[in-house]
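Residue numbers for the sequence shown follow this note's numbering, so the first one is 7 and each next one is one higher.
For glycine and all other residues, C-beta sits at the position ideal for the given N, C-alpha and C.
In this text, all values refer to a predicted model and were calculated from it rather than measured experimentally.
Right, one structure below, let's go through it.
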Amino acid sequence: MKLNEEQIAQYHRDGYVLVKGFCSKEETNKLYKVAIEDEAMSKNAMDLNDQSGKKTRLSLWFKPGNDVFGYLTRSEKMVNSVGQLLEGEAPVCHFHSKLMQKEPKVGGAWEWHQDYGYWYKNQFMFPDQLISVMVALTEANKQNGCLQVIKGSHKLGRVNHGFAGEQVGADMVMVENALKTMGLVYCEIEPGDALFFHSNLLHRSAANLSDSPRWSIISCFNSQSNIAYSETSTAWKVALEPIPDEAILNWEAETLSNADFLKKENDPALKNTGWE
């Protein structure tokens with residue numbers, strides 16, 4: 007699988023591109039089943055309060071293993087697609103993946119931010135060499151707090167960020183200016199769809215006030231040429247060796263119990279540096 011010229015052009019113009027049916031129904035069902043049933047996910051989940059006090063919940067790990075999510079991260083369709091969108095010719099590396107768990111009625115919001123607003127604290131040099139890929143495990147719509155993006159906002163460069171609850175949030179004056187200037191898009195997507203988005207794209211999601219869960223896996227990738235001067239994990243500089251797409255369904259998969267999960271107290275993005 008490769009992205010076509012129109013999809014690549016849309017990514018560079020708008021800061022994101024949606025690929026429908028990136029994962030099959032069978033692949034998505036398997037990923038969701040593991041997300042729910044693997045105890046390592048719940049044991050290593052972090053709660054982060056939004057500004058209203060509602061909790062957002064995620065589990066984050068660095069090195070892609072021989073589990074079903076590692077197979078997705080290293081699949082040919084994922085590595086090839088990411089390689090087409092990242093700036094430069096350097097090999098694709100996996101920075102981290104996170105399972106986003108937004109439960110019915112209680113799942114909190116994610117405030118307006120850029121991913122590079124977080125990763126600036128890891129001191130990555132080049133935001134054009136960082137990308138996130140969100141694969142929906144359940145339906146995402148306005149009612150259960152789907153992702154909202156400001157179309158073309160990646161062209162602003164990095165916006166100042168401070169703290170919004172326990173999260174890192176973008177300067178709301180600049181966000182409001184961006185909303186006056188560019189289009190707000192609700193990314194309502196189906197299970198198995200993949201949203202590729204630039205590290206400087208402004209995005210948020212509202213609280214889940216519906217009766218339906220909203221779960222997704224977000225894998226974040228880096229070009230090997232993009233150095234992180236303040237990151238203790240080494241996954242960001244290890245080139246990925248693509249594996250067949252069939253691995254997701256057909257290869258024997260391990261549990262995530264051996265994954266190198268991030269602990270909340272070790273996240274550099276959540277530490278005050280003095281410039282927020």
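Annotation for Glu196: Ala142 and Glu145 place their beta carbon closer than 7 Å to its own, counting only its chain and skipping 5 residues before and after. Taken in chain order, the unbroken stretches of beta strand (DSSP E) that lie wholly in the stretch 135-185 and span 3 residues or more are 136-142, 153-156, 167-170 and 173-176. Its Cα nearest to that of Phe28, the residue Lys8 stands out among Ala15, Lys8 and Glu45. From the listed residues Gln16, Tyr38, Val25 and Asp134, the smallest Cα separation to Ala96 is found for Asp134. As the crow flies, the alpha-carbon of Lys61 is around 20 Å from that of His167. At least 7 Å separates the beta-carbon of Tyr17 from that of Val155. In the structure shown, Leu207 adopts coil according to DSSP, grouped into three states. Contact annotation: the stretch 259-266 touches the stretch 26-46, with at least three C-beta pairs closer than 8 Å.
Leu105 places its beta carbon less than 7 Å from that of Ile223.
Under the DSSP assignment, Gln107 falls in the beta strand (DSSP E) whose first and last residues are Val98 to Lys108. The beta-carbon separation of His119 and Gly175, rounded to 6 Å, stays under the 8 Å limit for a contact. Relative to Leu190, the option among Leu201, Asn228 and Gly158 whose CA is nearest is Gly158. Relative to Ser218, the option among Asn272, Leu208 and Cys152 whose CA is nearest is Cys152. Within the same chain, and ignoring the five residues on either side of Asp53 in sequence, the residues whose Cβ sits closer than 6 Å to its Cβ are Lys61 and Arg63. Scanning Ala213, Thr240 and Asn256 for the CA closest to the CA of Asp56 turns up Ala213. The continuous alpha helix (DSSP H) containing Phe75 extends over residues Val74 to Arg80.
Just so you know, the alpha carbons of Glu237 and Gln173 end up roughly 19 Å apart. Taking the CA atoms as reference points, His204 sits about 25 Å from Lys269.
When the beta-carbon positions are compared, Leu91 and Ile137 come within less than 7 Å of each other.
One Cα belongs to Val181, the other to Asn256, and the distance between them is close to 44 Å.
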